[in-house]
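Asker: Sequence lines, in order, name chains F and S. Residue numbers 1 to 501, in my numbering, belong to the letters of the first sequence in order. Residue numbers 502 to 1002, in my numbering, belong to the letters of the second sequence in order.
Number of protein chains: 2
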Amino acid sequence: MNKYFAQLLPYLERNQAYQTALALLSWDTETLAPVAASEYTAKSVGVLSEEAYHILVCEEVEDLLKKLSSPKELESLSVSEQAIVRLLQKTYHKLSCIPAKEYREFSELCATAQTVYCRAKQNSKFEDYADTLEKLIEYTKRFAAYRAKKGESVYNLLLDEYEEGFTTEVLDSFFEKLRTALVPLIKKVVAKNDAIDKSYNSGDFPADIQSGFCRFLSGYLGFDFNRGVIAESEHPFTTSLHNHDVRITNHFYEDNLESALFSAIHETGHALYEMGVDDALTGTPAGSAMSMGMHESQSRFYENMIGRSRDFWTPLFPKLKETYPDELSSVSLDDFIAGINKAEPGLIRIEADELTYPLHILIRYELEKEIFSGECKVSELPKRWNEKYNDYLGVTPENDAEGILQDIHWAGASFGYFPSYAIGSAIAAQLYAYMAQQIPLADYLREGNLVPIREFLRDHIHKYGAVYPTNELLKKVTGEEFNPDYYIRYLTDKYTTLYHL
Amino acid sequence: MNKYFAQLLPYLERNQAYQTALALLSWDTETLAPVAASEYTAKSVGVLSEEAYHILVCEEVEDLLKKLSSPKELESLSVSEQAIVRLLQKTYHKLSCIPAKEYREFSELCATAQTVYCRAKQNSKFEDYADTLEKLIEYTKRFAAYRAKKGESVYNLLLDEYEEGFTTEVLDSFFEKLRTALVPLIKKVVAKNDAIDKSYNSGDFPADIQSGFCRFLSGYLGFDFNRGVIAESEHPFTTSLHNHDVRITNHFYEDNLESALFSAIHETGHALYEMGVDDALTGTPAGSAMSMGMHESQSRFYENMIGRSRDFWTPLFPKLKETYPDELSSVSLDDFIAGINKAEPGLIRIEADELTYPLHILIRYELEKEIFSGECKVSELPKRWNEKYNDYLGVTPENDAEGILQDIHWAGASFGYFPSYAIGSAIAAQLYAYMAQQIPLADYLREGNLVPIREFLRDHIHKYGAVYPTNELLKKVTGEEFNPDYYIRYLTDKYTTLYHL
């Protein structure tokens, strides 16, 4: 092993201990911690974040990174090691621009903001959260300004953190394609929506029964219970302490069958990615999924391409009917497949169907651009939000909770994150088209054999963690870089068939 | 505020962040974490322990502590501040004798040892755990030797960590008193044991029903759900991240009613102590219970003096019968009170009744003395354990799981901890005798009004955290230092009456 690279390892190991603790504190806050703990937890998060900062931002690491960036040293590194150095350089650059004290204050603010946001959402009062959001935006702008090159836009820098290379130029064109194709398609679909009856979905589904079935589903897809746990939280999410401790949550609505069902499949898709990362990368900057877009491609692939297909439910639907014999007695597999794919413009992103979903993302993307260009003030956000929902989806929120306050992302200063949901859906369609040529996907699904599908994804994507940038990995796997045409074709074909358009 | 004391505070705040994270990692491992995570968690625990070590063991803290120990500076501190300095000095002295690297290795070993122990217990094979235990004993001996004054015994140093001033000299005399009084009493009780029928206890008690009732019980006693959570684990325990985040666990056996019921009361007693500490002490070395003995005095007070009394169950028993209508239909309150107080020599400490319990502790105390005097080798422990159980309680374990492997304490290197269980029971009896003179305890219990009892304990004990050493606090509250006679009298009176001796 390169001697400088070897000298880096103890820093990575120390940093990993902090990241594990911070991830656990965050998970615990979302799933279990008592409410009165939050301000104390925020302080601990502030302290530990600052300490972790000092482990990476120090002369020794700077010196080692400098040495390792010479062509001679780089050449002696393996592909994984090169990626680790590259990713660490990126983190180093980002952190070292920020004064340690500010970084701690910001980390503490983010931890506090979650609680402020949740309370505001409960009371459906955006005003109670506006000041906090304002501060989060200010910090985000300031931190981005610290590292921006001349003329570089703040929002492009933010986007780059979630998906390298996907600037507003790329995304504008991507979303324009989506808008052009989907808006007329949605209109046609809505006109014929009475044809699909999904009243079966609003029955009586006890939480513990749902929980049991969802647990079974996760295992069916390949979730490894030795390396992961499942809990409950307000919104479903996935977190990874490292590839041997991957955690997903769900939320059960007793009057809604689908919500938890597809959350379970979605989060399991995320979890399989993290669980599948090669052990040689554990605890390094390459030890987790490449990007939020790639991450989302895996969850969407399982949720939509697999989880909403007839083939997938062919062996499973009898078991679902057995689980809810009264509620589903008169529902056929065809009814169910039509129901879980029915498209209806709505207010809530996480409850949106596959077809209208990208428009929810488009709205957030446009708003984020307006926030960071200064075009829209924080106080105007609820109004702008509602206007856009009316324009794109023809629906108008009645209050902040079902409007601007529905997503927690901004409360964690995750600005620039939303577009990766749409990028992920598009990558999922691209991978699906490729995979269907390579393996007998439909046969496996009908046989109830999910192993070869997970193994295909592990071998081609999961095991590499963050070693390859998204476009490089896509090219390596499918022979082609990011191409949204697959996604548009997939949605068009699927909905044309489903609605007999 | 004294300027040197003020300069200490940032170190305390940083240290608190680490202690919070370490407590959470440990809680998570016991309650939720996937099995494959354990070796990675152990590494994180090792790193974070070493970092926390460096925060306290540094020139700045040493210098501040030195300055603060001069009579002039000490005088300018409040009682709480003096206690914080005294407790920090003790920790500083203990840690600074140990090389940082060894401290990290030891912390990592402790985290790993839990898993090794649990696996060995599952397979009931002491051999699989013997090497780890040997290492834990070696480290403990070595660390104690680092700070031992000439002629000071290792075991006395260990005892001092859990209960200051309770040396083997004090404990030998305490346990001798107990042995002399209890062994003949137990004999008389056992001879008349057929008189009490507690067959009602081995019915069919679904875990979720038990869980609901236990949750109600905790709230009834005063558990504050805004500052605490309840979860499940293999063995019930309490942990405190700080006084706004106190956590207890329980374990439900579906064929045993009492086990979880009294665990809930016991752990709630611990939790009330931690929740009751004054906010001015949060995050300082005085921000938690004084000692393990004082801690146990609160859990035992609630479990035994309160929780096994007729007055306590008078308003509650009807609710318990409603909860299990079939199982308890023919059980009267008198039957139940006799049953929950029935004394029977058994193998398992945590299932022991109030009367035989101290003998379980005596056995562990004697074994620990033998381990640290070198009289008993690790390999001989299972044999010695079984001999002592036969001698003192007339029962013999059939395997390691119900013998030497039943307790997790040694796997956490908590040598010297066990005696505090007996000390705690004795303190509980002493406090009970005093409290019964001060407030109408029995009336409150019969009225189902637990608030004044919790408030009494908060005002006299809980709020002080670790400000006063045990004997000083006892004298302050009851006018008398530790006096085991109350305990012996309490047990003698109670069992003489119960068994009509």
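In this text, a Cβ means the ideal position worked out from N, Cα and C, and glycines have one as well.
(1) Considering F:R384, what are the terminal residues of the beta strand (DSSP E) in which it resides?
(2) Relative to chain F, which residues along the region 749-774 of chain S have a C-beta separation below 7 Å, given in chain order?
(3) What are the boundary residues of the alpha helix (DSSP H) that S:R959 is part of?
(4) Sorted by chain position, which residues of the same chain lie with C-beta nearer than 6 Å to S:V968's C-beta, five sequence neighbours on each side aside?
(5) When burial is assigned at 16 or more other CB atoms within 10 Å of the CB, is F:I439 buried or exposed?
(6) Can you list, in chain order, the residues of its chain whose CB lies under 7 Å from that of S:I849, leaving out five sequence neighbours each side?
(7) By a C-beta neighbour count over all protein chains shown, 10 Å radius and 16 as the cutoff for buried, is S:S570 buried or exposed?
(8) Strictly below 8 Å CB to CB, what residues from chain F border S:G729?
(9) Which runs of the alpha helix (DSSP H) spanning at least 4 residues fall entirely within the region 259-335 of chain F, listed in chain order?
(10) Suppose contacts are defined by Cβ-Cβ distances below 8 Å. Is F:V282 in contact with F:H242 by that definition?
(11) Note down the Cα distance separating S:Y701 from S:N891, rounded to an integer number of angstroms.
(12) Hey, could you find the ends of the alpha helix (DSSP H) F:N193 is sitting in?
(13) Can you give me the Cβ contacts of F:R179 inside the same chain, cut-off strictly under 7 Å, excluding the 5 residues immediately before and after it?
(14) In terms of residue numbering, what span does the alpha helix (DSSP H) encompassing F:D245 cover?
(15) I need the straight-line Cα distance from S:P985 to F:V116, nearest angstrom please.
(16) When you compare the region 771-782 of chain S with the region 954-974 of chain S, are there three or more beta-carbon pairs, one atom per stretch, that lie closer than 8 Å?
(17) For S:F957, which residues of its own chain have a beta-carbon under 8 Å away from its beta-carbon, when the five flanking residues on both sides are left out?
(18) Classify F:V229 as buried or exposed, calling it buried when 16 or more other Cβ atoms lie within 10 Å of its own Cβ.
(19) Could you give the C-beta distance for S:Y922 and S:E797, rounded to a whole number, given that I count them as a contact under 8 Å?
(20) Can you find the residues in the same chain that come closer than 6 Å, C-beta to C-beta, to F:G203, ignoring five residues on each side of it along the sequence?
(21) Could you give the first and the last residue of the continuous beta strand (DSSP E) run that contains S:A732?
(22) When DSSP labels each residue in this structure, what does F:L501 get in the three-state scheme?
(23) What are the start and end residues of the alpha helix (DSSP H) that includes F:L157?
(24) Going by C-alpha distance, which of S:E755, S:R748, S:K870 is nearest F:P34?
(25) Report all residues from its chain with a CB closer than 7 Å to the CB of F:K504; omit the five preceding and five following residues, and keep chain order.
(26) At least one CB of chain S closer than 8 Å to the CB of F:F317: is that the case?
(27) By the three-class DSSP mapping on this structure, what secondary structure does F:T238 have?
(28) Counting only beta-carbon atoms, is S:A790 nearer than 8 Å to chain F?
(29) Hey, does S:F726 have any beta-carbon neighbour from chain F nearer than 8 Å?
(30) Could you give the distance in angstroms between the alpha-carbon of F:N460 and the alpha-carbon of F:I453?
(31) Consider the Cβ of S:H745: report whether some Cβ of chain F lies at a distance smaller than 8 Å.
(32) Should S:E514 be flagged as near chain F, meaning a C-beta pair shorter than 8 Å?
(33) Short of 6 Å in beta carbon distance, which residues of its chain neighbour F:H244, apart from the five on each side in sequence? Order them along the chain.
(34) Which ranges would you report for the alpha helix (DSSP H) in the region 903-978 of chain S if only whole runs of at least 4 residues count?
(35) Quick one, are the C-beta atoms of F:M305 and F:A426 less than 8 Å apart?
(36) Less than 8 Å between C-beta atoms, sequence neighbours within five positions excluded: which residues of the same chain meet that for F:Y417?
Answerer: Put simply:
(1) As a position in the first sequence, residue 384 of chain F is number 384, starting the count at 1. Note, F:R384: premise wrong, no beta strand (DSSP E); alpha helix (DSSP H) at 381-393.
(2) So the list is empty, because no residue satisfies the distance condition.
(3) For this step, residue 959 of chain S is matched to residue 458 along the second sequence. 952-961 is the extent of the alpha helix (DSSP H) around S:R959.
(4) Residue numbering aside, residue 968 of chain S sits at position 467 when the second sequence is read from its first letter. Hits under 6 Å: S581, A584, A787.
(5) The residue given as residue 439 of chain F occupies position 439 in the first sequence. By the 10 Å Cβ count, F:I439 comes out exposed.
(6) Numbered from 1 along the second sequence, position 348 holds the residue referred to as residue 849 of chain S. Correct list, in chain order: E903, Q907.
(7) Indexing the second sequence from 1 puts residue 570 of chain S at position 69. Under this definition S:S570 is an exposed residue.
(8) Walking along the second sequence from the start, residue 729 of chain S turns up at place 228. Correct list: P34.
(9) 292-300, 310-323, 325-328
(10) For the purposes of this step, residue 282 of chain F is identified with residue 282 of the first sequence, where counting begins at 1. For the purposes of this step, residue 242 of chain F is identified with residue 242 of the first sequence, where counting begins at 1. A small correction: the amino acid at residue 282 of chain F is Thr; Val does not occupy that position in the sequence shown. Cβ atoms of F:T282 and F:H242: closer than 8 Å.
(11) Taking the second sequence and counting its residues from 1, one reaches residue 701 of chain S at position 200. Taking the second sequence and counting its residues from 1, one reaches residue 891 of chain S at position 390. Approximately 28 Å, taken between the alpha carbons.
(12) Numbered from 1 along the first sequence, position 193 holds the residue referred to as residue 193 of chain F. From DSSP, F:N193 is part of no alpha helix (DSSP H); its letter is neither H nor E.
(13) Counting from 1 along the first sequence, the entry for residue 179 of chain F is found at position 179. Cβ within range, chain order: L362.
(14) Working through the first sequence from its first residue, we reach residue 245 of chain F at position 245. Counting along the chain, F:D245 falls outside any alpha helix (DSSP H), though it belongs to the beta strand (DSSP E) covering 245-250.
(15) In the second sequence, residue 985 of chain S corresponds to position 484, counting from 1. In the first sequence, residue 116 of chain F corresponds to position 116, counting from 1. So the two alpha carbons sit approximately 51 Å from each other.
(16) yes
(17) The residue labelled residue 957 of chain S in the question sits at position 456 within the second sequence. Counting only Cβ-Cβ distances below 8 Å, and skipping sequence neighbours, we find M936, Q939, I940.
(18) By one-based count along the first sequence, residue 229 of chain F stands at place 229. Within 10 angstroms of the beta-carbon of F:V229 lie 16 or more other beta-carbons, which makes it buried.
(19) By 1-based counting over the second sequence, the position of residue 922 of chain S is 421. By 1-based counting over the second sequence, the position of residue 797 of chain S is 296. About 5 Å separates the two Cβ atoms, so the contact holds.
(20) Here residue 203 of chain F refers to the residue found at position 203 of the first sequence. Cβ within range, chain order: E327.
(21) Taking the first residue of the second sequence as position 1, residue 732 of chain S is located at position 231. Unbroken beta strand (DSSP E) run through S:A732: 729-733.
(22) Within the first sequence, residue 501 of chain F is the residue found at index 501, counting from 1. In the three-state reduction of the DSSP assignment, F:L501 falls in the coil class, being assigned neither a helical nor a strand state.
(23) Translated into positions along the first sequence, residue 157 of chain F becomes position 157. Unbroken alpha helix (DSSP H) run through F:L157: 154-162.
(24) Position 34 of the first sequence, counting from 1, holds the residue named residue 34 of chain F. That would be S:R748, whose Cα lies nearest to the Cα of F:P34.
(25) Only positions 1 to 501 of chain F appear in this structure, which leaves residue 504 of chain F out of reach.
(26) As a first step, residue 317 of chain F must be located in the first sequence, where it is residue number 317. Residue-level contact by beta carbon fails for F:F317 and chain S, as no gap is shorter than 8 Å.
(27) Reading the first sequence from its first residue, position 238 is the one you call residue 238 of chain F. Residue state, collapsed to three classes: strand.
(28) The sequence position of residue 790 of chain S within the second sequence is 289, counting from 1. It does not: the Cβ of S:A790 has no partner Cβ on chain F nearer than 8 Å.
(29) By one-based count along the second sequence, residue 726 of chain S stands at place 225. Flagged as an interface residue toward chain F: S:F726, by a C-beta distance shorter than 8 Å.
(30) Locating residue 460 of chain F in the first sequence gives position 460, counting from the first residue. Locating residue 453 of chain F in the first sequence gives position 453, counting from the first residue. For the sequence presented, residue 460 of chain F should be read as His rather than Asn. The alpha-carbon atoms of F:H460 and F:I453 are separated by roughly 11 Å.
(31) Taking the first residue of the second sequence as position 1, residue 745 of chain S is located at position 244. With 8 Å as the cut-off, S:H745 counts as an interface residue toward chain F.
(32) Residue numbering aside, residue 514 of chain S sits at position 13 when the second sequence is read from its first letter. Taking Cβ atoms only, chain F reaches closer than 8 Å to S:E514, which makes this a yes.
(33) Within the first sequence, residue 244 of chain F is the residue found at index 244, counting from 1. R227.
(34) 920-939, 942-948, 952-961
(35) One-based indexing of the first sequence puts residue 305 of chain F at position 305. One-based indexing of the first sequence puts residue 426 of chain F at position 426. No. Outside cutoff.
(36) Locating residue 417 of chain F in the first sequence gives position 417, where the first residue counts as 1. Here the set comprises Y162, M292, H409.
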